[in-house]
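Just so you know, we're using the working numbering here: the sequence shown kicks off at 428 and counts up by one. Every residue gets a Cβ at the ideal spot worked out from N, C-alpha and C, and that includes glycine. Given the structure is predicted, the values throughout are model-derived calculations rather than measurements.
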Amino acid sequence: MMPEELRRGRYVSLTTYRRNGTGVATPVWYAVEGDELYVWTRTDSWKVKRLANDPRVEVALCDLRGNIAEGAARFTGEGRLVTGEELRRIRGLLSRKYTWQYWLTDVPAMIARRGKRPHTGIVVRFG
């Protein structure tokens, strides 16, 4: 079930895990729909590589720089990587939430890659 406070936030700190079990936190844009949290990231990012090896994630609301307020709730779940139609849906959710910031990020990446968007979606479900 989706924690209610995640429905209202602007950024989350997404922690993914290295092979040795060490967590690595990264602030990301996200959207929520139903009981899932959606993230969009570069395909060549380390978090994509870490999730390919270990689906565990931890999420906490944070600011733009990834600072988590003292005492903030942290939620554990499982992430899975998506492309294709699911990624297009995530793009739509994020473009509605972040509007101009999203386009400032997506359009230059698409132009630089000659129409190919070098991104992967992450879908998080909470247990």
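The segment 432-440 and the segment 470-483 do not touch, with fewer than 3 CB-CB distances between them shorter than 8 angstroms.
Residue nearest to V451 within the set M428, G493, E460 is G493 (criterion: CA-CA distance). Contact annotation: L508 and A487 have beta-carbon atoms that are not nearer than 8 angstroms.
As summarised for the segment 458-512, the continuous beta strand (DSSP E) elements at least 3 residues long and confined to that stretch are 458-460, 463-469, 483-489, 502-509, given in chain order. One Cα belongs to M429, the other to E463, and the distance between them is close to 7 angstroms.
When L520, D490, G554 are compared, the shortest CA-CA separation from V466 is found for L520.
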